[in-house]
Structure formats: C-alpha cells, structure tokens
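Top to bottom, those sequences are chains A and B. The numbering of the first sequence is my numbering, which starts it at 1 and goes up by one. The numbering of the second sequence is my numbering, which starts it at 1001 and goes up by one. Glycine residues also receive a C-beta, built at the ideal position from the N, C-alpha and C atoms. The structure appears right after this line, and notes come after that.
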Amino acid sequence: MPNIVVLVKQVPDTYSERKLSDSDHTLDRESADAVLDEINERAVEEALLIKEAQGGEVTVLSVGPDRATEAIRKALSMGADKAVHVSDPALHGSCVLQTSKVIAAAIGKVDGVDLVIAGNEATDGRSGAVPAILAELLGYPQLTHARKVTIEGASIKVERETDEGITHLEASLPAVVSVGEKINEPRYPSFKGIMAAKKKPVETFTVADLGIDAGEVGLANASSSVLEAAPKPPRAAGQRVSDEGDGGVKIAEYLIAQKLI
Amino acid sequence: MSEVLVLVDHVDGEIKKVTFELLTAARQIGEPSAVVVGSPGTAAKLKESLAAYGAAKVYVAESDDATGYLVTPKVDVLAALVEKAAPAAVLVAATADGKEIAGRLAARTGSGLLVDAIGIENTAGSGDGAVVVAVQSIFGGAFVVKSKSNKGTPIVSVRPGGLEAEQAQGAAAEEAVDVPAADAAKSARITGQEPIVGGDRPELTEASVVVSGGRGVGSAEQFEVVEKLADAFGAAVGASRAAVDSGYYPPQFQVGQTGKTVSPQLYVALGISGAIQHRAGMQTSKTIVAVNKDAEAPIFEIADFGVVGDLFAVAPQLTEEVGKRKG
Ligand SMILES: Cc1cc2nc3c(=O)[nH]c(=O)nc-3n(C[C@H](O)[C@H](O)[C@H](O)COP(=O)(O)OP(=O)(O)OC[C@H]3O[C@@H](n4cnc5c(N)ncnc54)[C@H](O)[C@@H]3O)c2cc1C
C-alpha cells in the first residue's frame, strides 16, 4: 500500500502573455491566469491509479503562493486524500535548488513516503530538473520521464521515454518518479469529488515550520541571479508573397540570397 | 587559465554535435577538459574529434557501472572532478539527461545552476579569473535573460543548437579517473534500452534545417510532402501538436511548448497556423519560412519569408528547386 506524495505547481497559463516583473526579474505570477499544469494532472492521475489498484494514500504537495490552493483543490477534487501547502513570502524569487530543498523538507513532513510523483517539466522555468534534484536531496533513486510505471511490492519499474528512445529502469522504493505526456489521460473531477474536496485536510507550513531558516531561501540567497532581462524585440514579419504558381521557386530564390542553400 | 569541464554527450561511440558546441562555449571561459563517462574503450574512439574542437584534456571515466545506471554515475564522476580540478564552470548539454545531471550536480556541490543557456559570456570580475554569464532565452523566446551563479562552481546546461561550434586544436591529454561504485538503494538500474530508430534524418534538436508540418498537411500519408522537402535539405522533420494529435506524425517530433525546442538555421513551417505554444518551440530559429493558405495566419507575423498558398503546390516545387541546387 504505497504512500504517495504528488507535487503540483501553479504555472501561468500560456494563453495569457507571460511577463517578468520589472522590479526584480522574477516571474510575474500575478500577470497571468494560473492553471494546474496539465502535466501535474497526469501526475495526480498516476498516483490515483496506483492507489486504486494497490491502496495507500495520496498526499498533494505544493510550494507556492496562496493562489496555489486552486491547484491543490483541483487535485483533491480529482481524488487525492489530503494536501500539504508550503506558503511563505520568504520564498519569493527562490531558485530551483532552494525550491527543491523546501519540497524535500516538506516531503519529510509526510510519514513513511514510498513514492514521490511529479510532472516532467513545469512550463514556466523549464529547468526540467526538480524531480532529479529531489532524488538527490532525498537519497532516492530517480525514475524520471516515465511513460509507464509498475510497482511490485518494494520495487518499481519504469519505462523512461526521452529523445534518445526508451530506457527500462528498475529500482527499490522509496523513489522519485516524474511522468511524461503519454503516461495517462487525467480524469475530470466529478461533482461529488469537488464537494468532497472541500472537507479534505490541507496542512499549511511556513519555511520555519520545515526547519529551514528564512535566510536560506528567496531571491537574496538564490544560487543564481538574473543580471538583466529584456523582452526580445518581437520578430518582425519579413516578406510575404502570394503563390502565383511559382511560390516554391520564390522561396528557393530567397534562400539562395540568404546563402541558406 | 582555469579548466572548464565539458560532459561529453555520446552514443554508440559517436559524439553528439552538441558536445562540440559545449567545447566552443567552454573556450570563452577557460581551457576545455572533456569528461567521457562510458563503458570501457569509449574515450579512445572519441578522442580525436574532442581534440579537433579544442579539448586540452580528456578525463576518462570508464566502467560497466557507468552505463548501468541512470544519470547518477555521471553526477558522481563530475562531482569528484569539481572537487579535484576546481574548474571555472561545468557545461552539460540541456537534454533530458543533461538537465538532470546539471541539477543534481549543483545540489551536490552547493553550486549555482544556470539552465538552458543559448550562449555563454565571460565578464571578467574585479579579481582575476572568469565570471561566467549564461544567456538564456525564456518563455519561448519572449525574453532574453543573462544570469550568473552566486555559489560554488557555475553548472550550466547549454541548449543544443544554441550556439555554433568552431574547431580549434587541443592536446586532448588523457587522464583516467574512477567511476565511484553505484549505491543500489539510491540509483535506478538500466535493464534495457530501445534507442529511437531515427533513420537517416538528423535529430530534431541538432539539425541545422527543420521542416515541420501542421494540421494543414491533412493526413499521415500526405506527410510525405513534408518528408520529401526535409530530405532535399538534409533536414529533420517536425510537427505541430495538432498534426501529432491527429495521428499524422509521431509525438517525439512535436515542436513547441510541450514538445521540442529547436533553433535551427532554417525552419520551414508547412500548414501550421503559428499558435503561441508552437512558436515557443521554434521562434529562436535564425530564419523562418512559412507556407500557409490563410494570409491571416499568425505564423506570417514571425516568418522572414512567407508564401500564401497551397502547401501541396509550393512544397514539391521547393523540393525540386533545392534538389537542383544540391544536385
Ligand atoms: C498547454 C498547451 C500546450 C501546447 N503545446 C503545443 C506544442 O508543443 N506544439 C504545438 O504545435 N502546439 C501546441 N499546442 C497547441 C496549439 O495551441 C495549436 O492548437 C497547434 O499548434 C495548432 O497546430 P496547427 O498549426 O498544425 O493547426 P491549425 O491551427 O489548425 O492550423 C492549420 C493551418 O494549416 C493551414 N492550411 C490548411 N490546409 C493548407 C494547405 N493545403 N496549404 C497550406 N496551408 C494549409 C490553415 O490555414 C491553418 O493555418 C498546445 C496547446 C496547449 C493548450
């Protein structure tokens, strides 16, 4: 009966324009509508599928501003049992390493964790490394980019899918898994699920509650910092012609002039 | 001059092009040392090409464990070298594995992590030695950001195709290093591998020309039009998500926010409308050419050269023209 922690993260909706805050180059999360990243939903779905087959408990974990409660509610209404929310103004501007440290400490607040499941890559920061860093910090094996997860007793098998192809992985629990696009189709929360979610426990922690000094997190102590950020001048539209039966030739002429062929 | 560690990306005794880009970037900062982690005998096959791109040293970390476990053997080797050689920076390819290696290495060595750089600059600091600045393109190319590490050794993952490789002669002096034994409780064992059979086309993220098709291509069979043009260029084939979701082309070829990010010299978009999520994966391409029958399609806003017309007329004609030139 695996005890599972699923990481969910609030990300800006890509349909709205994304901005960086002018003052300190951090992600301006308020400027965009936030949605529970679709990959997070797949992570939640995978945890629920394992629970339905083998029992156990699913805890949702989110580190982020108060608005992350929406993402947590969504996961709870899909069927997760309870949630842990780390929210602290001191976290503002934290780098991926600091955030991972906080997540690892919060995972430590959940008893007897067998499996940590995350999405592959959040669409905002694109570090692509949080699950791997968590595995490093927790001392668990990493089975990332999973398109298939099988748990048998205390061992776990994963089919990892990346640009290189498929890699078959095997490790012992506890472990960290990240799931890819192809892992499953997430369910929609039912009305009953949405109602039930309102009564599910959400435990809130500050950074200090996790035994981390506020001075270790946040922009001022980030392991890297942004020196300058500039919106890229929008790509200007170039030439455009209508095909008069010679469109292909026109492109070829352009490419030759540009020395591209 | 201080050393810069470059993790060599290789498969089946062949070096990935991105390694040469890393070696080129490393020379901005100091003297490149290539780090080969692989099964016994790997480095011998790679040495010559590493020398041709300026590797002064080649650290050889070979063992069976090195390829038997996911990611961790490379982190172990690099972490030991960071301690021993005190390099000015560590560069790895921003691939799925590389990003994970970089993240773990930064966590283990208490260093700053700079992800997905498209360029590296060296702004010498007040003292002597290099100050490593990573140039990043974020939010699908909407912002250009420069950042630096505040702690330890800067660990940088560099996007394949982000910068151009340039040859330079290096001594490639070999030095053997240990691969620490894997801790089974903390590692994922590799029990099997099915490499992608990519055929003869270059890899999507490494190709200098990419030809992509969208929903406008209409069917899996008709994707042949895209493939033929790609082959005339010696290009990789890409697809929009709509084309993938409609089953026209396999998912690993998807370009965009939830697919690959490509920045080739030339990107040709056929029957792709140019949604923001698609643009996120291709708008850093040097030159963009689009063919779309809708004059209002947003792809034309970012295309250097656009043809309003039927792709089934324009693409075959272009294929022929390119063929003639290469003939
Ligand atoms: C969270 C999220 C993530 C996403 N990630 C991605 C991603 O990674 N990659 C991606 O591509 N999309 C992604 N999308 C989807 C994206 O929003 C668009 O739906 C998609 O890119 C549209 O693909 P398309 O341009 O092929 O199709 P359409 O928008 O349907 O455009 C087809 C175009 O073909 C043209 N056309 C039709 N017939 C012809 C012809 N004979 N000759 C010439 N032109 C023709 C039409 O005029 C039209 O402009 C994502 C969406 C979301 C919400």
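query, result
"Interface flag, residue 181(A) vs chain B, CB-CB below 8 angstroms", "yes"
"Test: residue 85(A) CB closer than 8 angstroms to a CB of chain B", "no"
"Endpoints, alpha helix (DSSP H) assigned at residue 255(A)", "247-257"
"Short Cβ contact (8 angstroms threshold) for residue 182(A) with residue 170(A)", "no"
"Residue 256(A), buried or exposed, once every other Cβ within 10 Å from all chains shown has been counted against 16", "exposed"
"heavy atom of ligand 1 below 7 angstroms from residue 1283(B) C-beta", "no"
"Close beta carbons around residue 1025(B), own chain, < 7 angstroms, minus the five adjacent residues each side", "1091, 1120, 1158, 1163"
"Contact with chain A by residue 1148(B), beta-carbon distance below 8 angstroms", "yes"
"Through-space distance from residue 108(A) to residue 186(A), alpha-carbon basis", "27 angstroms"
"DSSP state of residue 92(A) mapped onto helix, strand, coil", "coil"
"Residue 1275(B) CB to nearest heavy atom of ligand 1 below 7 angstroms", "yes"
"For residue 1188(B), three-class secondary structure by DSSP", "coil"
"Contacts that residue 162(A) makes with chain B (C-beta to C-beta distance below 8 angstroms)", "1095, 1096, 1097"
"Nearest candidate by alpha-carbon position, reference residue 1303(B), set 1293(B), 1283(B), 1276(B), 1136(B)", "1283(B)"
"Any 3 or more C-beta pairs closer than 8 angstroms across the segment 1169-1176 of chain B and the segment 1102-1119 of chain B", "no"
"Between the CA atoms of residue 159(A) and residue 184(A) - distance to the nearest angstrom", "13 angstroms"
"Which of helix, strand or coil DSSP assigns to residue 1136(B)", "strand"
"Local conformation of residue 1212(B) per DSSP, three classes", "strand"
"Contact test: residue 1292(B) Cβ vs ligand 1 heavy atom, cutoff 7 angstroms", "yes"
"Rounded distance between the beta-carbons of residue 1235(B) and residue 1207(B), thought under 8 angstroms", "6 angstroms"
"Nearest neighbour of residue 1028(B), chosen from 1089(B), 1045(B), 1016(B), 1061(B) [CA to CA]", "1089(B)"
"Contact with chain A by residue 1162(B), beta-carbon distance below 8 angstroms", "no"
"Straight-line Cα distance separating residue 1072(B) from residue 206(A)", "32 angstroms"
"Helix, strand or coil at residue 3(A) according to DSSP, with G and I counted as helix", "strand"
"Strand pairing of residue 1053(B), partner residues [DSSP]", "1168(B)"
"Where the alpha helix (DSSP H) containing residue 1108(B) begins and where it ends", "1096-1109"
"Three-state class that DSSP yields for residue 1294(B) in the structure shown", "coil"
"Alpha-carbon spacing of residue 1022(B) relative to residue 1093(B), whole angstroms", "7 angstroms"
"Buried/exposed call for residue 1011(B), threshold 16 Cβ in 10 Å", "exposed"
"Any non-hydrogen atom of ligand 1 closer than 7 angstroms to residue 1310(B) Cβ", "yes"
"Residues of the segment 219-245 of chain A with Cβ closer than 9 angstroms to any Cβ of chain B, in chain order", "221, 222, 223, 224, 225, 226, 227, 228, 229, 230, 231, 232, 234, 235, 236, 237, 238, 239, 240, 241, 242, 243, 244, 245"
"7 angstroms CB neighbourhood of residue 1257(B) in its chain, flanking five on each side removed", "1140, 1277, 1280, 1281"
"Neighbourhood of residue 189(A) by C-beta distance below 6 angstroms, restricted to the same chain and skipping five residues each side", "77, 78"
"Proximal chain A residues relative to residue 1141(B), where beta-carbon distance stays under 9 angstroms", "232, 235"
"8 angstroms contact criterion, which residue 1215(B) and residue 1240(B) should meet: CB distance rounded", "7 angstroms"
"Chain B contacts made by the segment 133-150 of chain A, where a contact means CB separation under 8 angstroms", "133, 135, 136, 137, 139, 140, 141, 142, 143, 144, 145"
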